[in-house]
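Each residue of the sequence shown is one higher than the last, beginning at -5 in this note's numbering.
Built from N, CA and C at the ideal position, the CB exists for glycine as well.
If you're wondering where the values come from, they're calculated on a predicted model, not measured in any experiment.
I have placed the structure first, in the form of structure tokens, so that the comments after it can refer back to it.
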Amino acid sequence: MFVGHYTDVPEEDTGFEGVTIRWLVYPKLGAKNFAMRYFVLKKDAEIPIHQHDWEHEIFIMKGDGIITNEKEEVHVKAGNFLYVPPNEPHGYKALTETFEFLCLIPAKKEAVPEEKW
């Protein structure tokens, strides 16, 4: 078993202005099926629409944001959860001071950075 606190995990740059990621659970820790990440978007920061061949499970921890799949925009807030199917376009935008969420993905080589293996 591994127990940690998210604040002990360093924030990493995502390449998007105002967006950080903390890799909480990943294969190097022994996770064989899923990786867990904690994202923080500062107000008005965005992760542009993109897509992958893997699913996402997301739980909104703090703040309000917009989730889009190109066809619709949904306002989400702390306590909301969502499922993004494989290959569905998706993007995020922060509406409040911070918009924070957990995101689980499959532990696949193409989804998890090499240093997390």
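Helix or strand or just coil, what does DSSP make of residue i?
i: Glu91; result: coil
i: Thr1; result: helix
i: Glu40; result: strand
i: Lys122; result: Absent from the model: residue 122. The displayed extent of the chain is -5 to 111, so no value can be given.
i: Glu109; result: helix
With residue i as the anchor, note down where its beta strand (DSSP E) starts and where it stops.
i: Tyr77; result: Phe75 to Val78
i: Val68; result: Glu67 to Lys71
i: Met55; result: His50 to Lys56
Using only alpha-carbon positions, find the residue among the options that is nearest to residue i.
i: Thr62; options: Ala72, His44 and Ile54; result: His44
i: Ala88; options: His(-1), Pro80, Gly9 and Glu40; result: Glu40
i: Lys65; options: Ile99, Gly85 and Ala29; result: Gly85
i: His(-1); options: Tyr32, Leu76 and Pro79; result: Tyr32
i: Glu91; options: Arg16, Ala72, Lys26 and Trp48; result: Ala72
i: Tyr77; options: Lys103, Glu49 and Lys36; result: Glu49
i: Asp2; options: Glu67, Trp17, His46 and Pro83; result: Trp17
i: Pro191; options: Leu98, Val70, Asp38 and Val68; result: Look at the range of the chain in this structure, -5 to 111, and you will see that residue 191 is not part of it.
By Cβ distance, which residues of its chain are closer than 8 Å to residue i, with the 5 residues on each side in sequence left out?
i: Phe(-4); result: Val19, Leu23 and Gly24
So that I know if they touch, is there some Cβ in chain D lying closer than 8 Å to that of residue i?
i: Glu108; result: Considering every chain present, this structure includes no chain D. It has just one protein chain.
Please go through the same chain and pick out, in chain order, the residues whose beta-carbon is closer than 6 Å to the beta-carbon of residue i, but skip the five residues on each side of it.
i: Phe93; result: Leu35, Gly57 and Gly59
i: Ala105; result: Trp48 and Ile99
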